[in-house]
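Student: Pasting in a structure now, in structure tokens, and then I'll have a few things to ask.
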Amino acid sequence: MQLREARGIPPPPIRLNSTIRPDSVLDDDSGIATNIHWAEKIFSLPLPSRTPLKHQQSSKAYGPHAPWSQARMPSDARILFIRSFNERQITLIVYQSGRDRCPYFLLRTFHMGTPWFSLRGAHELCVERNGSSLQFWRWSSSEQCPKIWANLCFMTWEELVLVYCCFLSFKTRNSLTVQVANEDLTLWGERKLFQARIVDDGFMHSLIVYEDYMTKGIRLHAAVWDGDLRQCPVWTAFITHQSASPKWIKRVSKTRVRLAGIQLYVFCQEYRQQNQRINRAGAFEIRFVSEEAAKRFKELFSPALIDESTATESTQT
1 MQLREARGIP PPPIRLNSTI RPDSVLDDDS GIATNIHWAE KIFSLPLPSR TPLKHQQSSK
61 AYGPHAPWSQ ARMPSDARIL FIRSFNERQI TLIVYQSGRD RCPYFLLRTF HMGTPWFSLR
121 GAHELCVERN GSSLQFWRWS SSEQCPKIWA NLCFMTWEEL VLVYCCFLSF KTRNSLTVQV
181 ANEDLTLWGE RKLFQARIVD DGFMHSLIVY EDYMTKGIRL HAAVWDGDLR QCPVWTAFIT
241 HQSASPKWIK RVSKTRVRLA GIQLYVFCQE YRQQNQRINR AGAFEIRFVS EEAAKRFKEL
301 FSPALIDEST ATESTQT
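Residue numbers (UniProt numbering): 1 to 317.
Take a look at the structure:
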């Protein structure tokens, strides 16, 4: 395989089994054709925008590390997505185990040319943002304290957000998770411009508009409103230059607002966004619980129609 790569020859077709090394599938982010898991779709969708992150750091895997023989994926593993860092010197492989149906994070790194691996279940990790990086923490049984497992630095704000949302959904919906830490539920560096209840694909969700301090990027974020999965991500959508068009947003009733040309990244297997696109144009429709929320949401993206000070005040409530 190394000779093929050195000569630029495409690798042979890959079948997932116990003899496959993770680095042999690094060029294949595609999912399984049938019964596709939501996570397999996330990074196959094109990004509507690429907002660069400044103050780049070097990604690092802290371990503990083990040889492949001790960290190999099970034969029934289903790869959900793969992301590479440091010019492929560090690779994150996220897979679902066929045994417990739970997601696992496998890191591959190199030391003196030899690959080493570190494996943790999503339920065993916590996450926090540090600038352009996501830091994943594990619990050390020997030292009885949290220790950093990996620092993954991202080139774009959008990719950082998507990996974060994937992790939070993995952990929240995980049967092995004991507790989701409060730190997991907040992505540092974002401020909340708006929040309201919506009826979304027949479910009660919370719709939040976040602005990133570093990049000034804005995104919509829908999460479970209440119950055991409260605050679990359902979908997110990045607001692009299209929002500057007067045709981008339209209030079509007292509680319904339509958005044109918006792309959703969905973190839930049951969610069907087509149920929110039943209008002739296929625009995404948001149904708010209250008229006031629909009004404030429309005003947030149409500041020219209202007094600027009023807009600022309304988005902080």
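Even glycine gets a Cβ: it sits at the ideal position worked out from N, Cα and C.
Quick one: residues in its chain with C-beta nearer than 8 angstroms to the C-beta of residue 119, no 5 flanking neighbours on either side, listed in chain order?
Tutor: 66, 71, 104, 105, 106, 107
Student: State the beta-bridge partners of residue 265 as determined by DSSP.
Tutor: Its beta-bridge partners are 236.
Student: If you drop the 5 nearest sequence neighbours on each side, which residues of the same chain put their C-beta closer than 6 angstroms to that of residue 131?
Tutor: Cβ neighbours of residue 131 beyond the five flanking positions: 55.
Student: Assign residue 285 to one of two classes, buried (16 or more other C-beta atoms within 10 Å of its C-beta) or exposed (fewer than that).
Tutor: Buried, because 16 or more other Cβ atoms sit within 10 Å of the Cβ of residue 285.
Student: Checking 9 angstroms against the spacing of the C-beta atoms, do residue 83 and residue 152 come in under that value?
Tutor: yes
Student: As a quick exercise: from 259, 300, 264, pick the residue whose alpha carbon is nearest that of residue 280.
Tutor: 259
Student: From the DSSP output, in three-state form, read off residue 110 for me.
Tutor: strand
Student: Nearest CA to the CA of residue 92: which residue from 63, 235, 218, 76?
Tutor: 63
Student: Does the beta-carbon of residue 325 have 16 or more other beta-carbons within 10 angstroms, so that it is buried, or is it exposed?
Tutor: Since the displayed the chain opens at 1 and closes at 317, residue 325 lies outside it and no answer follows.
Student: Which same chain residues, not among the five before or five after residue 33, have their C-beta less than 8 angstroms away from its C-beta?
Tutor: Confidence at residue 33 is low in this model, with a pLDDT of 41, below 50, so the placement of that residue should be treated as unreliable; the coordinate-derived value is given next. Excluding positions up to five away in sequence, the list is empty.
Student: Starting from residue 91, trace the alpha helix (DSSP H) both ways and give me its first and last residue.
Tutor: From DSSP, residue 91 is part of no alpha helix (DSSP H) but of the beta strand (DSSP E) over 90-96.
Student: Given a threshold of 16 other Cβ atoms within 10 Å of its Cβ, counted over all protein chains shown, does residue 78 qualify as buried or as exposed?
Tutor: buried
Student: Is DSSP giving residue 243 helix, strand or coil here?
Tutor: helix
Student: From residue 45 to residue 88, what distance separates their C-alpha atoms?
Tutor: Near 21 angstroms, if we compare the C-alpha coordinates of residue 88 and residue 45.
Student: In whole angstroms, give me the CA-to-CA distance for residue 98 and residue 167.
Tutor: 18 angstroms
Student: For residue 182, which of helix, strand or coil comes out of DSSP?
Tutor: helix
Student: Where do the N-terminal and C-terminal ends of the alpha helix (DSSP H) with residue 166 fall, by residue?
Tutor: Segment 157-172, the alpha helix (DSSP H) holding residue 166.
Student: By how many angstroms is the C-alpha of residue 192 removed from the C-alpha of residue 198?
Tutor: 16 angstroms
Student: Return yes when the Cβ of residue 237 is within less than 9 angstroms of the Cβ of residue 251, no when it is not.
Tutor: no
Student: Which class does residue 290 belong to by DSSP, given the choice of helix, strand or coil?
Tutor: Judged by DSSP in its simplified three-state form, residue 290 adopts coil rather than helix or strand.
Student: So, is residue 293 buried or exposed, given that buried needs 16 or more other C-beta atoms within 10 angstroms?
Tutor: buried
Student: When the distance is taken between beta carbons, is residue 301 closer than 9 angstroms to residue 239?
Tutor: yes
Student: How many Å lie between residue 100 and residue 123 at the Cα?
Tutor: 12 angstroms
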